[in-house]
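Numbering-wise, our numbering puts 980 at position 88 of the sequence shown, and it's gapless, one number per residue. Every residue, glycine too, gets a C-beta built ideally from N, C-alpha and C. These notes are about the structure you will find just below.
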Amino acid sequence: MKIAVIHGPNLNMTGIRQVDIYGTTTFSDITAQIDGLAETLQIALTQFQSNHEGKIIDYLQACHRDGVDGIVINPGAFTHYSHAIGDAVASMEIPVVEVHLSNIHAREEFRQKSVIAPYCIGQISGFGAESYIMAIHYLVNHRRK
Ligand code: DQA
């Protein structure tokens, strides 16, 4: 089974930026935790971080071409306005789970809307790094082949 984890803009600053909201766990701690889970579950897992909308879309399209079985995406602020990423997710048959470190529904009004979630199988929001862990467990437990 192949899973891709996509980290959107500014997530590379996790642990450094707005620690009152996102916590002190660093981005490399989070990616290491995810890699550790993949090893435990014995699945092939790749991680990609970009601050650029087009690069995220290119990566999503590459996942489609490469036969990835499931995608976990934290689109960062693109969540709230990138119809281009929403269209890329909508165009794929791969199950996609949207995740967030913070609970976007308990924050500013503009963050409470996701233009990507309608094309995902679900959204996990507010559990810090565990949001990713839960999403990966879901995809593994519900693998399609
Ligand atoms: C975020 C929430 C977004 O609103 C914000 O722009 C981020 C991080 C989260 O993981 O909580 O960059 O996606």
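Closest option to Asn-1033, judged by alpha-carbon separation, among Ile-898, Asp-961, Phe-940: Asp-961.
In chain order, Gly-1018 place their CB closer than 8 Å to the CB of Ala-998, counting only its own chain and leaving out the 5 sequence neighbours on each side.
Closest option to Glu-1001, judged by alpha-carbon separation, among Tyr-973, Ala-936, Tyr-1011, Gln-925: Tyr-973. Taking the Cα positions, Gly-1014 is about 9 Å away from Pro-987. With 6 Å as the limit, the residues whose C-beta approaches any heavy atom of the ligand DQA more closely are Asn-902, Asn-966, Gly-968, Ala-969, Thr-971, His-992, Leu-993, Ser-994, Ile-996, Arg-1003, in sequence along the chain. Contact check for Gly-978 against Tyr-1011 passes: the beta carbons are separated by less than 8 Å.
Each residue's CA atom was taken as its position, placing Asn-943 and Gly-900 some 6 Å apart. Residue pairing of Arg-909 in beta bridges, as defined by DSSP: Thr-906. The bridge partners DSSP lists for Ser-1023 come to none.
The distance from the Cβ of Thr-971 to that of Ile-1008 is about 6 Å, consistent with a contact at the 8 Å cut-off. For Ala-1009, no beta strand (DSSP E) segment is defined, and its DSSP state is neither H nor E. A straight line joining the alpha-carbon of Ile-922 with that of Leu-1031 spans about 18 Å.
Across the structure, Thr-916 and Val-897 are spaced so that their CA atoms are roughly 21 Å apart.
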